[in-house]
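Residue numbers (the working numbering): 115 to 394.
Ideal placement from N, C-alpha and C gives every residue a C-beta, glycine not left out.
All values reported here derive from a predicted model rather than from experimental measurement.
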Amino acid sequence: MQELHFELSYLTLRGLAIGSPQKPMILALHGWLDNAASFLPLSEYLDDFYIVALDVTGHGNSDHRAPGNHYHLMDFVHDIHELVETQGWQPFILLGHSMGGIIATLYASCFNDKVNKLISIESFGPMTKDAASSPAQLRESIESRIKANRSKARHPSSLDHTIDARAKAGEMSKASASLLVARNVEQIDGQYYFKTDRKLRTFSSLRITEEQAEAFLRNIACPMLVVHGDKGFESMRAAFSHRKSWVSQLRSVECSGHHHVHMDNPQPVATAIREFLNAD
Numbered sequence: 115m116q117e118l119h120f121e122l123s124y125l126t127l128r129g130l131a132i133g134s135p136q137k138p139m140i141l142a143l144h145g146w147l148d149n150a151a152s153f154l155p156l157s158e159y160l161d162d163f164y165i166v167a168l169d170v171t172g173h174g175n176s177d178h179r180a181p182g183n184h185y186h187l188m189d190f191v192h193d194i195h196e197l198v199e200t201q202g203w204q205p206f207i208l209l210g211h212s213m214g215g216i217i218a219t220l221y222a223s224c225f226n227d228k229v230n231k232l233i234s235i236e237s238f239g240p241m242t243k244d245a246a247s248s249p250a251q252l253r254e255s256i257e258s259r260i261k262a263n264r265s266k267a268r269h270p271s272s273l274d275h276t277i278d279a280r281a282k283a284g285e286m287s288k289a290s291a292s293l294l295v296a297r298n299v300e301q302i303d304g305q306y307y308f309k310t311d312r313k314l315r316t317f318s319s320l321r322i323t324e325e326q327a328e329a330f331l332r333n334i335a336c337p338m339l340v341v342h343g344d345k346g347f348e349s350m351r352a353a354f355s356h357r358k359s360w361v362s363q364l365r366s367v368e369c370s371g372h373h374h375v376h377m378d379n380p381q382p383v384a385t386a387i388r389e390f391l392n393a394d
């Protein structure tokens, strides 16, 4: 395993490289408030591949956006494409969990010449709202940012407490929570600090509409696998049921587990991924 860093125009992205770069590459994008360590359990069962697990902007060891800038969903897609272009990566496998699955789906739709196969865990396209909600959504977003600017940052009191809280909030095992916390927390002069940018917790300015989500999903040209946890988010299963006809080359599988099924129960998830990737 190797620590990676990638210099982009305005920020540095970091992550983990797992396996041999001579093998087929999987670019892996984690979920909201997680980090590259999200894919460590899964990597133990995918040793036929070279996994580049990214700390998405504002998460883990990657840079935060500059002061005054915020985290818009489409800007994550920009970051991924700039990374792909600067590295000169040939068409590759793209894997995402939750928020990372949304980003991966949007990227594969817009840059379908760059992605050979797409895998989305506990995610199937972007979250949407009706267009009529836009004024209230924007107001809520602005107010949440101002409130965050005026409030003091909270710091972890201890690693054990933080791990317990993360495990409870994410309905995941303590072992999985420990992997995430270890990369999201640092200690300076005896005080623990979260590395994750506080601005990630503010509300989105806008949600795209379901009509826009349909356009993105219908434009995916590569084969796609969707992995659900049988105790995962019901909203994900509902979205899949409604949208599944929009992707032309689609497979799906359900594995035992909650939203972080790829961490708590990685072997069957990896088996499904291998079967999908090895299929013609």
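Less than 7 Å between the C-beta atoms of residue i and residue j, yes or no?
| i | j | result |
| --- | --- | --- |
| residue 334 | residue 233 | no |
| residue 347 | residue 373 | yes |
| residue 197 | residue 380 | no |
| residue 369 | residue 375 | yes |
| residue 293 | residue 154 | yes |
Go ahead and label residue i buried or exposed: buried means 16 or more other beta carbons lie within 10 angstroms of its beta carbon, across all protein chains shown.
| i | result |
| --- | --- |
| residue 129 | buried |
| residue 265 | exposed |
| residue 393 | exposed |
| residue 145 | buried |
| residue 115 | exposed |
| residue 337 | buried |
| residue 181 | exposed |
| residue 274 | exposed |
| residue 200 | exposed |
| residue 261 | exposed |
| residue 150 | buried |
| residue 167 | buried |
| residue 165 | buried |
| residue 227 | exposed |
| residue 202 | exposed |
| residue 152 | buried |
| residue 304 | exposed |
My understanding is that residue i touches residue j, with C-beta atoms under 8 Å, so please give their C-beta distance in whole angstroms.
| i | j | result |
| --- | --- | --- |
| residue 321 | residue 251 | 6 Å |
| residue 350 | residue 236 | 5 Å |
| residue 127 | residue 169 | 7 Å |
| residue 281 | residue 291 | 4 Å |
| residue 384 | residue 159 | 3 Å |
| residue 258 | residue 316 | 4 Å |
| residue 225 | residue 195 | 6 Å |
Kindly indicate if chain C contains any beta-carbon less than 7 Å away from that of residue i.
| i | result |
| --- | --- |
| residue 290 | Absence of chain C from the displayed structure is noted, only one protein chain being present. |
Return yes when the C-beta of residue i is under 6 Å from any heavy atom of the ligand SAM, and no when it is not.
| i | result |
| --- | --- |
| residue 320 | Among the components modelled here there is no ligand, and therefore nothing to report on the ligand SAM. |
**OP:** Report yes or no: do three or more beta-carbon pairs, one from the segment 341-348 and one from the segment 310-317, lie closer than 8 Å?
**Re:** Taking a cut-off of 8 Å for Cβ pairs, the segment 341-348 and the segment 310-317 do not touch, as fewer than three such pairs fall below it.
Original post:
Which full runs of the beta strand (DSSP E) of 3+ residues lie inside the segment 146-184, going along the chain?
Top reply: Within the segment 146-184, the runs of beta strand (DSSP E) that reach at least 3 residues and sit entirely inside it are, in chain order, 164-169.
Original post:
Considering only residues of the segment 330-379, which uninterrupted beta strand (DSSP E) runs meet the minimum length of 3 residues and lie entirely inside it, listed in chain order?
Top reply: Segments of the beta strand (DSSP E) lying fully in the segment 330-379: 338-343, 364-369.
**OP:** Assess, as a yes-or-no matter, whether the segment 198-212 is touched by the segment 134-154 under the definition of 3 or more beta carbon pairs within less than 8 Å.
**Re:** Contact between the segment 134-154 and the segment 198-212 is present, because at least three Cβ pairs lie under 8 Å.
Original post:
Contact between the segment 297-307 and the segment 165-176: three or more CB pairs below 8 Å?
Top reply: They touch, by the three-pair rule.
Original post:
Between the segment 353-367 and the segment 116-135, do at least 3 Cβ pairs fall closer than 8 Å?
Top reply: Counting C-beta pairs closer than 8 Å gives fewer than three between the segment 353-367 and the segment 116-135, which falls short of the contact rule.
**OP:** Assess, as a yes-or-no matter, whether the segment 186-199 is touched by the segment 215-228 under the definition of 3 or more beta carbon pairs within less than 8 Å.
**Re:** Result yes; three or more Cβ-Cβ pairs closer than 8 Å.
Original post:
Counting Cβ pairs closer than 8 Å, one from the segment 321-332 and one from the segment 231-249, do we hit at least three?
Top reply: Taking 8 Å as the limit for Cβ pairs, the verdict is that the segment 231-249 does touch the segment 321-332.
**OP:** For the segment 280-304, list the beta strand (DSSP E) runs that are entirely contained and at least 3 residues long, ordered along the chain.
**Re:** Given a length threshold of 3 residues, each whole run of the beta strand (DSSP E) inside the segment 280-304 is given here in chain order: 299-302.
**OP:** Scan the segment 228-280 and note each continuous beta strand (DSSP E) run of 3 residues or more that stays entirely inside, going in chain order.
**Re:** Correct list: 229-235.
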